[in-house]
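Going by our numbering, the first residue of the sequence shown is number 135, and it counts up by one from there. Using N, Cα and C, we set each Cβ at its ideal position, and we do this for glycine too. Remarks on the structure that follows.
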Amino acid sequence: MQRPISFTFIIIITICSLMNIIALMPATEAYEVLFRNWGGDSQDNCYVWEEDINRNKITVTTPDNPYYGMAFSCATFNGMSGDVTNGVLTQRTLDNNTTYWVIFGVVNNDLSASNYKGGYNTNTCFHVKGTSRWYKSPLAEIDEVTYEECQQIRDSK
Numbered sequence: 135m136q137r138p139i140s141f142t143f144i145i146i147i148t149i150c151s152l153m154n155i156i157a158l159m160p161a162t163e164a165y166e167v168l169f170r171n172w173g174g175d176s177q178d179n180c181y182v183w184e185e186d187i188n189r190n191k192i193t194v195t196t197p198d199n200p201y202y203g204m205a206f207s208c209a210t211f212n213g214m215s216g217d218v219t220n221g222v223l224t225q226r227t228l229d230n231n232t233t234y235w236v237i238f239g240v241v242n243n244d245l246s247a248s249n250y251k252g253g254y255n256t257n258t259c260f261h262v263k264g265t266s267r268w269y270k271s272p273l274a275e276i277d278e279v280t281y282e283e284c285q286q287i288r289d290s291k
């Protein structure tokens with residue numbers, strides 16, 4: 135006499151099958167946006183993120199901290215909450231299908247300034263510098279450099 139297949143056995147096989155399917159699914163690809171801090175004033179606060187053409191923020195952050203890795207002292211990336219390795223801040227967009235713009239700004243007391251570069255469909259890297267020049271209006275400088283330059287610095291041991 136043949137034993138019937140138990141319900142528990144079917145559930146275990148189903149779960150194992152689903153786990154294999156999920157493990158084989160590719161992770162969502164995203165653009166990497168790298169930043170090198172070229173100094174600035176320590177009393178100024180800088181911020182940087184990516185937006186799509188409709189000005190929706192598309193920088194990957196954590197659900198419990200929507201500003202993770204976006205705000206820092208203009209003088210240095212040290213001590214910030216973001217993904218900083220060898221002085222290079224790494225941000226990621228939500229996917230690699232959306233054209234994006236990089237927004238960089240500086241705030242000092244009631245004064246602020248921002249600058250942007252955009253229309254990117256690839257990995258990029260920027261040098262950023264935020265200063266307030268004492269009594270003058272803040273200045274947000276952002277210059278594009280080769281992605282490979284920043285990637286090499288970030289990934290060096």
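Assigned secondary structure, residue i (DSSP; H/G/I helix, E/B strand, else coil)
i             : result
aspartate 244 : coil
Contact check, residue i vs residue j, beta carbons under 8 Å
i             : j                 : result
serine 248    : phenylalanine 238 : yes
cysteine 208  : aspartate 178     : yes
valine 279    : cysteine 259      : yes
valine 194    : valine 236        : no
tyrosine 254  : glutamate 185     : no
glutamine 225 : valine 167        : yes
glutamate 210 : tyrosine 165      : The question names glutamate, but residue 210 in the sequence shown is threonine. Going by C-beta atoms, threonine 210 is not nearer than 8 Å to tyrosine 165.
Residues sharing a beta bridge with residue i, DSSP
i                 : result
threonine 224     : Leu168 and Asp217
cysteine 259      : Leu168 and Val279
phenylalanine 238 : Val182 and Asn249
threonine 265     : Leu273
Residue i Cβ short of 7 Å to the ligand ADP heavy atom set
i          : result
valine 279 : This structure does not include the ligand ADP; it has no bound ligands of any sort.
Mind pulling the beta strand (DSSP E) runs of 3 or more residues that sit fully within the stretch 164-209? Counting only runs of 3 or more, we get 166-174, 179-185 and 205-207.
Does the stretch 282-291 come into contact with the stretch 221-233, if we say contact requires no fewer than three beta-carbon pairs (one atom in each stretch) closer than 8 Å? The stretch 282-291 and the stretch 221-233 touch, with no fewer than 3 CB-CB distances between them shorter than 8 Å.
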